[in-house]
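442 is the number that the working numbering gives the last residue of the sequence shown; the numbers go up by one with no jumps.
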Amino acid sequence: MPDEEIQTIDRPQAARTVPAQARPAAPARPGPTWLGPVLIVGIVLAALNLRPAITSLGALFEEVRTGLGMSGTVAGLITSVPALCFAVFGVTAPRLSRRFGPAAVVCAGMAAVAAGLLIRPFTHNAAGFLAASALSLAGIALTNVLLPVIVKRWFPDRVGTMTGLYSMALALGTSLAAAATVPMTSALGGSWRTGLLVWAVLAVAAVLPWLPVAAAARREKRAAAREPAAHVRADAGPKIVRSRTAWALACYFGLQATGAYITMGWLPQIFRDAGVSASTAGVLLAVTMVMGVPLAFVIPNLAGRMKNQGAIAAALGVFGLVGYTGLHFAPAAGAWAWALLLGVSNCAFPLVITLIGLRAKSPAGVVKLSAFAQSAGYLVSIPGPLLIGALYQHSGGWDLPLTVMAGLLIPQIALGVLAGRDRTIEDECGMRD
């Protein structure tokens, strides 16, 4: 039977009332007492490693381009590779999870991240650098999809809390790599190779807790196979494309990712074109990114306590609308306020990850929904930054691009309201509990 259907830790029920969609789909099986704490450490370390491969490169991109003699076309390809890898490799996560179990796949994913980050600084041409980067991104893609599954399976009564914890760790890793890579590179001799290699240490550390977790999950799978009558019949989960909620989540994920990539890629340039200094523009971007650290913990906890999360999605969209409007009319005068508002708006990511755990009843449903929403969503997000860049170049200013950026928030809000309704994909697909 699929490993996703086995519950392996004896979990005390929370004192508060748990929403129906957050309750476990099957009775818990007792497991070793050490497994819960080690899982929490593993989840946090994995989340810390989901973005440094990207943001550390962004901080040293000019030095890498010069050092490897990259053409402008190849450099543009590398900047578009993350979203493409997340979409392509994320699709494989459900099959791999059914075959090997989610813990084993996350362990392998972290090993791939570490291997890619170890190899990348020692490459001597653009092709090798791109291949090593793709290896890391493949591991990130698998872990992106399966962390919500891990949370749903082992912490079904704490979906909001655990999602908040790893979303906060993800935001912290993103901000830390963006802010610390250049200073660390300078302190370690100034070579971009050393500056990128440092992040492999964190990735190697993330592999370690997943080794015993994967081994324990494998033993539990073998034990369950010997007692088939004690478990719920295996199934492959709902037909995901039949669920309107799944489509709403996928499109919402894509639009929020579009906004995040546009912000990371273009916000400093918007401020610089308004007369803000380059150093201050960088700090403003850091402010926007850092907002995700505390809110990534608060928002999932709040969402997990609500039956309908549409109001949160709407509120985050309104923050973005105000931020883009401010950038349009007074980009320099209100720069700090707009950076803060857009930082709040970008916290749609921890919300949508929480919704993935809440909109499916079973671990099998969560893995399918996570893979579908993230893979389709990242495909949706690919054209956004390119479109904004083309509009900026064509119009010679930011009026038109900012109008488009604000306009994209309207369907994002509508889709967030649809995805936030109190229903599950199993119900929509006519499946019984």
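Don't be surprised by glycine CBs; every beta carbon is placed ideally from N, CA and C. The structure displayed is predicted, hence computed values, not measured ones.
Check                                                                                                                                                                  : Outcome
Would DSSP call S384 helix, strand or coil?                                                                                                                            : helix
Evaluate L336 with the Cβ neighbour count: other Cβ atoms within 10 Å of its Cβ, from every protein chain shown; 16 or more gives buried, anything less gives exposed. : buried
Please determine, among A341, I128, A415 and S390, the residue with the shortest C-alpha to C-alpha distance to F358.                                                  : S390
Quick check on DSSP: helix, strand or coil for A357?                                                                                                                   : helix
Taking the C-alpha atoms as reference points, what is the distance between C438 and C260?                                                                              : 19 Å
So, are the CB atoms of A214 and S65 less than 8 Å apart?                                                                                                              : no
For L350, collect the residues of the same chain with a Cβ closer than 6 Å to its Cβ; drop the 5 residues on either side in sequence, then sort them by chain order.   : F328, V331 and G332
Does the beta carbon of A225 come closer than 8 Å to any beta carbon on chain B?                                                                                       : The chain inventory of the structure shown lacks chain B, comprising one protein chain alone.
Would Q402 be called buried (16 or more neighbouring beta carbons within 10 Å of its own) or exposed?                                                                  : exposed
Please name the residue in A223, N58 and F98 whose C-alpha comes closest to that of G182.                                                                              : N58
Note the first and the last residue of the continuous alpha helix (DSSP H) segment covering C260.                                                                      : R253 to D282
Are the CB atoms of T363 and V168 within a distance shorter than 8 Å?                                                                                                  : yes
Would you identify the three-state DSSP class for R242, choosing helix, strand or coil?                                                                                : Model confidence at R242 stands at a pLDDT of 41, short of 50, so the residue's coordinates are unreliable; what they give is reported in the following sentence. Here R242 sits in coil by DSSP.
Looking at C-alpha atoms only, which residue of T297, A96, N153 and G313 is the closest neighbour of A385?                                                             : A96
Could I get the ranges of all uninterrupted beta strand (DSSP E) runs contained in the stretch 160–213, with 3 residues as the minimum, in chain order?                : none
List the endpoints of the continuous alpha helix (DSSP H) containing C451.                                                                                             : The first residue shown for the chain is 10 and the last is 442, placing residue 451 beyond what the model contains.
With 16 as the cutoff for other CB atoms within 10 Å, does A31 come out buried or exposed?                                                                             : Interpretation of A31 is limited by its pLDDT of 41, a score under 50 that renders its predicted location unreliable; no figure is taken from the coordinates.
Classify I63 as helix, strand or coil using the three-state DSSP reduction.                                                                                            : helix
Got a sec, what are the start and stop residues for the alpha helix (DSSP H) L294 sits in?                                                                             : A287 to V299
When DSSP labels each residue in this structure, what does L411 get in the three-state scheme?                                                                         : helix
Tell me which same chain residues have a C-beta within less than 7 Å of the C-beta of A141, skipping the five on either side of it?                                    : G125, I128, R129 and T132
To the nearest angstrom, how far is the alpha carbon of L418 from that of A232?                                                                                        : 49 Å
Here's a check: name, in chain order, each residue in its chain whose Cβ is nearer than 6 Å to the Cβ of R314, leaving out the five neighbours to either side.         : none
What residues in its chain sit with their C-beta under 6 Å from that of I308, if we drop five residues either side in the sequence?                                    : C356, P359 and L360
Give a yes or no on whether the C-beta atoms belonging to W201 and G76 are separated by under 8 Å.                                                                     : yes
Taking C-alpha atoms, which residue in V122, A92, A344 and A380 lies nearest to A209?                                                                                  : V122
Specify the secondary structure class of R228 as computed by DSSP and reduced to three states.                                                                         : helix
If we call anything under 8 Å between Cβ atoms a contact, is A344 one with F262?                                                                                       : no
Quick one: grab the DSSP three-state call for C438.                                                                                                                    : coil
According to the neighbour-count rule (16 or more other Cβ atoms, all chains shown, within 10 Å of its Cβ), is K316 buried or exposed?                                 : exposed
So is E435 buried or exposed if we call it buried at 16+ other beta carbons inside 10 Å?                                                                               : buried
Quick one, which of I87, W256 and K230 has its alpha-carbon nearest E71's?                                                                                             : I87
Report the rounded CA-to-CA distance for I422 versus A305, giving the unit in angstroms.                                                                               : 18 Å
Say whether the stretch 153–170 touches the stretch 294–305, bearing in mind that this needs 3 or more beta-carbon pairs closer than 8 Å, one atom from each stretch.  : no
Just confirm the distance between the C-beta atoms of A112 and I49, as a whole number of angstroms; I'd bet it's less than 8 Å.                                        : That belief does not hold up - the Cβ atoms of A112 and I49 are roughly 13 Å apart, past 8 Å.
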